[in-house]
Amino acid sequence: MPGAQHTGVEGGIGLTALMVATARAIETHRRDALAGDAYAEHFVRAAAASAAWDG
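Numbering of the sequence shown is given in numbering that gives the first Met the number 0, commencing with residue 0 and proceeding in unit increments.
Encoded structure:
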């Protein structure tokens, strides 16, 4: 949006990156995982936007 300012991962494209990292972290912990991302969970847990999420 013109004029919209989002910093960090709380909104905009940053929130999209956080959601993708969340999916990658979940996939990494599956027994039959197709992909592994050792950093995804750390990224998600470090984001203030995910503080209230279960897990």
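Where a beta carbon is used, it is the ideal one built from N, C-alpha and C, also for glycine. A quick note: this is a predicted structure, and the numbers were derived from the prediction, not measured.
query	result
Going by DSSP, what residue range makes up the alpha helix (DSSP H) through residue 28?	Where residue 28 is concerned, there is no enclosing alpha helix (DSSP H), given that its DSSP letter is neither H nor E.
Residue range of the alpha helix (DSSP H) that residue 40 falls in?	39-45
Do you know offhand how far residue 13's Cα is from residue 20's?	11 Å
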